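The structure appears right after this line, and notes come after that.
2 protein chains.
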Amino acid sequence: MRDVVVLGVGMHPFGKFMDKSLKELAYDALSRAIDDAGVSLRDIQTAYVSNAYAGLMTGQESIRGQVVLRYAGFSDIPIVNVENACAGGATAFREAWLSVASGLYDMALAIGVEKLYCDDTARSIRAIASSSDVDLMAGLGFQFSANYAMGLRKQMAEYGWTQQDFARAAVKNKRHGSLNPNAQFRTPVTEEDVLGSRLVAWPLTLYMCSSIGDGAAAAILCSAEVAARHRGSPYVKVAACALRSAPFEDYRQPPSQPKTQDPKPQSSAHWLPVAREAYERAGLGPQDVHVAEVHDAMAPAELRLYHALGFCDPGEGARLLAEGATAIEGRLPVNPSGGLSARGHPVGATGLAQIAEIVWQLRGEAGPRQAQGPDGHGPRVGLAQNSGGNIEGHQAVTSVIILAR
Amino acid sequence: MRDVVVLGVGMHPFGKFMDKSLKELAYDALSRAIDDAGVSLRDIQTAYVSNAYAGLMTGQESIRGQVVLRYAGFSDIPIVNVENACAGGATAFREAWLSVASGLYDMALAIGVEKLYCDDTARSIRAIASSSDVDLMAGLGFQFSANYAMGLRKQMAEYGWTQQDFARAAVKNKRHGSLNPNAQFRTPVTEEDVLGSRLVAWPLTLYMCSSIGDGAAAAILCSAEVAARHRGSPYVKVAACALRSAPFEDYRQPPSQPKTQDPKPQSSAHWLPVAREAYERAGLGPQDVHVAEVHDAMAPAELRLYHALGFCDPGEGARLLAEGATAIEGRLPVNPSGGLSARGHPVGATGLAQIAEIVWQLRGEAGPRQAQGPDGHGPRVGLAQNSGGNIEGHQAVTSVIILAR
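Listed in order, the protein sequences are those of chains B and H. Per our numbering: the first sequence ends with 1080, consecutive numbering throughout. Per our numbering: the second sequence ends with 1080, consecutive numbering throughout.
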């Protein structure tokens, strides 16, 4: 397959935009991506569009992408609507990558757009629960926050992590978000603020959790040959895209032995299979990653992801965080954008906001939240991990995308 | 890109199945496709799943494919949910084709599943209307039958077609459906029956229209190399997949001159752009097609499609039909399955039912509805045309897939 580059990215800030439609949000993100890429609408040959909940929020099913892209001025290109819950944006990116890598098209758009704020918050909550098996789970009251809380309690037992460790993740990401003009939450918080905020599902408190949100994000991908013909920003290569369905983690398995009895877990056995696949496809390892955006729908989810992505040994996440290694100033900044818990999480757009952040980081354009990279000349390899949906306690979809300059 | 073959197909009969869930319908179609291909579940490396309305019908959004395929026994393969209204099944097939043609995977599943029957028909009707721009159209009462009726009235003015011509299309397809054990409607009708059935929107009467329906259909695609390693049925090559968005036809343009003043429209200017693209990719032309499944959501839609696919000159469709050329016994059987108007139209599954029919026809396995091909040895090239959704009077998506043995 051909080398593919990300020629441009753009996003509409995430937040609460009651007076903007899906069409307007998408148009804004698209316009910014087109400007960033230095191309025109006519250069784009195909589009993959991610949206999770318009069917339930506005009644728009089936042709969501055609509707928003026609508003933006597209006419007769192939448009494919993709869904994969919170990983829908990552899935759109991967399919757009494949459409170019295969040689079928020279330039493709991946765009994600979501509106979750409305006059009826119960509707938004029901919509989000539809990313589980509705026959078995949503109908019985399943909510993602409770499911995350169960996983975190298991990790507390397994690794000795505390609620304070979890609060530190929220503090870090809210600080990062305060430096990001596209973030939904831009107010820094303290550990005391986090621990003192309303309990959602123990050990989760309100300030650890992502919110509902509105927003859009887009990426324009093209072949390396075509990229060379366009001016526009310096571009970034797609080193690997990997996508998997459940099992992400299996809560039904007995917990493993306490960490103290297992002092040298050096293998990659604890990695996410999808991460292993991405590293293999990229010919890289976790030690090569200089910046990452990970799926902290609840900020404490980061801690387990650190070892699931190979950034540390199992259970070492709390120490890594406490040492500041994953802060913007650290050796491996994680969620410099603020992550889902601070930048925001308009579901179908999230995966592409991660891509946008990694691209800005690799191009050295992230301003006050810019990662410095191993030698002070900026990061050269970035990773975006995204997951979504839940079936019987398993994450239904996980994605790892690696970009490099 | 690599050559890709359809190793096996399967479908759950289309119809009204109040006691079967999406999971059960999908499992049935998948099992049949797996048996037909002579493979096991473990051989399938990725899946593309089409469903249009579960979000509105059952509340299942976002991870529809993961939910139905987990029930079927899949674990951790990449699953992508695609939507493109009535062309969703064709889109899933195209994306599965690309995943194999690109070399990313050796074997892929495309499956479409839909349930439109429920205790509340108004819900089903609202769901279907969501395949338009809901802001501009569904909210104002848009229905597909009325939109088709407007298009047909324009064609009557333009080509001199009559309501009797349109009835003949329904008679042909209902007769074909009567020979198909998978068809929703298996009772032959006469022209008098069709013209005497309840008026839906002039010139459309009830027997000309497809109904809501339940069902599922699946195809297993693999590389030519892998196909050679499997026993199973003789297989069929994918000669081309092409997909486009609107405009399909532009009702806002002034009608062209009456046909009598334009006696020699020999060019391909009237072809669907997506058909021209498919023919070019396949290195074939309309004269090479021996059997076709086309999108007759309303049976009379066939007549225009005959010239839009290059099977005749503009306006010659009624004559082609009246001569019997497009009946099973004719030189170019169209909709031998019965088409949408008789085999049925469970929206997300329809495109893959078309593929299944073309595969059976090319393999000579279509029983009493078998096309004979140009030399009596069966058809060698088959075409499936699928379209869906509507934005401002334009079909939002169109697909043409050409298969060959």
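Quick reminder that beta carbons are idealized off the backbone N, C-alpha and C, glycines included. Since we're looking at a predicted model, the values are computed, not measured.
| At which residues does the alpha helix (DSSP H) containing residue 1030(H) begin and terminate? | 1022-1037 is the extent of the alpha helix (DSSP H) around residue 1030(H).
| request: Establish whether the CB of residue 1021(B) and some CB of chain H are separated by less than 9 Å. | output: Judged by the 9 Å Cβ criterion, residue 1021(B) is not in contact with chain H.
| task | Tell me, please, which residues DSSP counts as bridged to residue 705(B). | result | Bridge partners of residue 705(B): none, in fact.
| said: Among the candidates 1075(H), 1021(H) and 840(H), whose CA atom is the shortest distance from the CA of residue 866(H)? | reply: If you compare the alpha carbons of 1075(H), 1021(H) and 840(H) with that of residue 866(H), the shortest gap goes to 840(H).
| Going along the segment 766-778 of chain B in order, which residues come within less than 9 Å of chain H, judged by CB to CB distance? | Those residues of the segment 766-778 of chain B that come within reach of chain H (Cβ to Cβ, closer than 9 Å) are 766, 769, 770, 773, 774, 776, 777 and 778.
| task | Give me whichever residues DSSP pairs with residue 918(H) in a beta bridge. | result | According to DSSP, which records beta bridges pairwise, residue 918(H) is partnered with 1074(H).
| query | Would the beta-carbon of residue 680(B) fall within 9 Å of that of residue 757(H)? | reply | The beta carbons of residue 680(B) and residue 757(H) sit no closer together than 9 Å.
| field | Proximity to residue 965(H) [Cα-Cα], best of 716(H), 863(H) and 1079(H) | value | The shortest Cα separation from residue 965(H) among 716(H), 863(H) and 1079(H) belongs to 1079(H).
| message | According to DSSP, residue 1069(H) sits in a beta bridge with which residue or residues? | response | In DSSP, residue 1069(H) forms a bridge with 1066(H).
| request: Step through the CB atoms of chain H and report whether any lies within less than 9 Å of the CB of residue 1061(B). | output: Taking 9 Å as the threshold, the shortest C-beta distance from residue 1061(B) to chain H does not fall below it.
| task | Determine whether the Cβ of residue 943(B) lies closer than 9 Å to any Cβ atom of chain H. | result | No, residue 943(B) lies away from the interface with chain H (no Cβ there is under 9 Å from its Cβ).
| query | So, residue 769(H) versus residue 1074(H), is the Cβ gap smaller than 9 Å? | reply | Against a cut-off of 9 Å, the Cβ pair of residue 1074(H) and residue 769(H) comes out as a contact.
| message | Need the endpoints of the beta strand (DSSP E) that residue 796(H) sits in, please. | response | Where residue 796(H) is concerned, there is no enclosing beta strand (DSSP E), although the alpha helix (DSSP H) it sits in stretches over 796-804.
| field | Chain-ordered residues of the segment 1024-1057 of chain B with a beta carbon less than 9 Å from chain H | value | Close to chain H, meaning a Cβ-Cβ distance shorter than 9 Å, is no residue of the segment 1024-1057 of chain B at all.
| Skipping 5 residues on each side, what residues in its chain have a beta carbon closer than 6 Å to that of residue 1048(B)? | Excluding residues within five positions, the ones whose Cβ falls inside 6 Å are 965 and 1054.
| Three or more C-beta pairs closer than 8 Å, one from the segment 866-884 of chain B and one from the segment 758-777 of chain B: is that the case here? | Not touching, per the Cβ criterion.
| field | Classification of residue 1042(B) by the beta-carbon crowding that lies within 10 angstroms, buried from 16 upward | value | The residue is exposed, with fewer than 16 neighbouring Cβ atoms inside 10 Å.
| message | Here's the rule I'm using: 16 or more other beta-carbon atoms within 10 Å means buried, otherwise exposed. How should residue 923(H) be labelled? | response | Residue placement at residue 923(H) is flagged as unreliable, the pLDDT there being 47, under the threshold of 50; the coordinate-derived value follows with that caveat. By the neighbour-count rule (16 or more Cβ atoms within 10 Å), residue 923(H) is buried.
| request: Give the DSSP bridge partners of residue 962(H), in chain order. | output: In the DSSP output, where bridge partners are listed per residue, residue 962(H) has none listed.
| query | Mind checking whether residue 736(H) and residue 960(B) have CB atoms under 9 Å apart? | reply | Judged by beta-carbon spacing, residue 960(B) lies beyond the 9 Å limit of residue 736(H), meaning their Cβ atoms are not closer than that value.
| said: Please state the DSSP three-state secondary structure of residue 905(H). | reply: In the three-state DSSP reduction, residue 905(H) falls in the coil class, being neither helix nor strand.
| field | Contact belief for residue 687(B) with residue 890(B) at Cβ below 8 Å, rounded distance in angstroms | value | 5 Å between Cβ atoms; contact.
| message | So the candidates are 1020(B), 1014(B) and 1022(B); which of them puts its Cα closest to the Cα of residue 1033(B)? | response | The option with the nearest alpha carbon to residue 1033(B) is 1014(B).
| said: Contact criterion: CB-CB distance below 9 Å. Does residue 698(H) meet it with respect to chain B? | reply: It does; some Cβ of chain B falls within 9 Å.
| request: Anything in chain B within Cβ reach of residue 838(H), meaning under 9 Å, just list it in chain order. | output: Near residue 838(H) there are no residues of chain B at all, since even the closest Cβ is about 30 Å away, more than 9 Å.
| Relative to chain C, which residues along the segment 737-750 of chain B have a C-beta separation below 8 Å, given in chain order? | Reference to chain C is not applicable here, since the protein chains of this structure are B and H.
| task | Look up residue 1145(H) in the DSSP assignment and give the residues it is bridged to. | result | The displayed coordinates of chain H run from 676 to 1080. Any statement about residue 1145(H) would go beyond what the structure contains.
| task | Could you please give me the residues that DSSP links to residue 758(B) through a beta bridge? | result | 756(H), per the DSSP bridge assignment.
| field | Nearest neighbour of residue 850(H), chosen from 1023(H), 1009(H), 1050(H) and 1036(H) [CA to CA] | value | Nearest of 1023(H), 1009(H), 1050(H) and 1036(H) to residue 850(H), Cα basis: 1009(H).
| message | Between which residues of its own chain and residue 972(H) is the CB-CB distance below 8 Å, once the five residues before and five after are set aside? | response | If we look at residue 972(H) and ignore the five residues flanking it on each side, its Cβ neighbours are 761, 819, 823, 884, 885, 1015, 1016 and 1020.
| For the segment 786-810 of chain H, which residues have a beta carbon sitting closer than 8 Å to at least one beta carbon of chain B? | Within the segment 786-810 of chain H, the qualifying residues are 801, 802, 805, 806, 807, 808, 809 and 810.
| said: Quick check on residue 931(B): buried or exposed, where buried means 16 or more other Cβ atoms within 10 Å of its Cβ? | reply: Only weak support exists for where residue 931(B) lies, its pLDDT of 46 falling under 50; the coordinates are left without a value.
| Any idea what DSSP makes of residue 790(H), helix, strand or coil? | Shown here, residue 790(H) sits in a strand according to DSSP, grouped into three states.
| query | Beta carbon of residue 983(H), beta carbon of residue 1058(H): below 9 Å? | reply | In this structure, residue 983(H) sits away from residue 1058(H), with a CB-CB distance that is not shorter than 9 Å.
| task | Pick helix, strand or coil for residue 734(B), following the three-state DSSP scheme. | result | Assignment of residue 734(B) by DSSP, reduced to helix, strand and coil, places it in the coil class.
| field | Residue-chain proximity (residue 734(B), chain H), Cβ-Cβ < 9 Å | value | Answer yes: the Cβ-Cβ gap between residue 734(B) and chain H drops below 9 Å somewhere.
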